[in-house]
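**Student:** Heads up, the sequence shown is in this note's numbering, so the first residue is 22 and it goes up one at a time.
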Amino acid sequence: SNTYSRTKNSINSSPRSLHRTVNTMSSEGGKDQQQSASEALTNCILSQYRFCAGGVGLGAAYAIKYSKGPMPMAMAGVAGTVGDLIYGYYEACKIEADRYERETGRRRM
């Protein structure tokens, strides 16, 4: 707990102390650092919505034009969500994914 309060207070000092803070946390509190990398990646990936919104919009237009009910809209929304997850992991959240992989030792497929 002493390390945490010391590193927490040094964050606002300077950019150089921030670098030291990250190194201190990774050596003494690796689990906290790993959890924060995981949380950062999760938050970034879950903030992707473009393909889902586009899929729902296109699916709704298709359903209205061809009187197919809500099924095309739902299927396009699910396909868009999968696209968002893939795009988020490999493109939009590349920095967070690289950090997560470095800290956990896992590699992308």
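The C-beta atom is built at its ideal place from N, Cα and C for all residues, glycine as well.
Excluding the 5 residues flanking M96 on each side, which residues of the same chain have their C-beta closer than 7 Å to its C-beta?
**Tutor:** G80, listed in sequence order.
**Student:** Which same chain residues, not among the five before or five after Y111, have their C-beta less than 8 Å away from its C-beta?
**Tutor:** Closer than 8 Å at Cβ, skipping near neighbours: A118 and R129.
**Student:** For G109, which of P91, I85, S57 and S68 has the nearest alpha-carbon?
**Tutor:** Measuring from the Cα of G109, the nearest candidate turns out to be S68.
**Student:** So, A100 versus P93, is the Cβ gap smaller than 8 Å?
**Tutor:** No, the Cβ-Cβ distance between A100 and P93 is not below 8 Å.
**Student:** What are the boundary residues of the alpha helix (DSSP H) that K89 is part of?
**Tutor:** Taken as a continuous stretch (DSSP letters only), K89 belongs to no alpha helix (DSSP H), as it is neither H nor E.
**Student:** In whole angstroms, what is the alpha-carbon distance linking P91 and Y70?
**Tutor:** P91 and Y70: Cα-Cα distance of roughly 20 Å.
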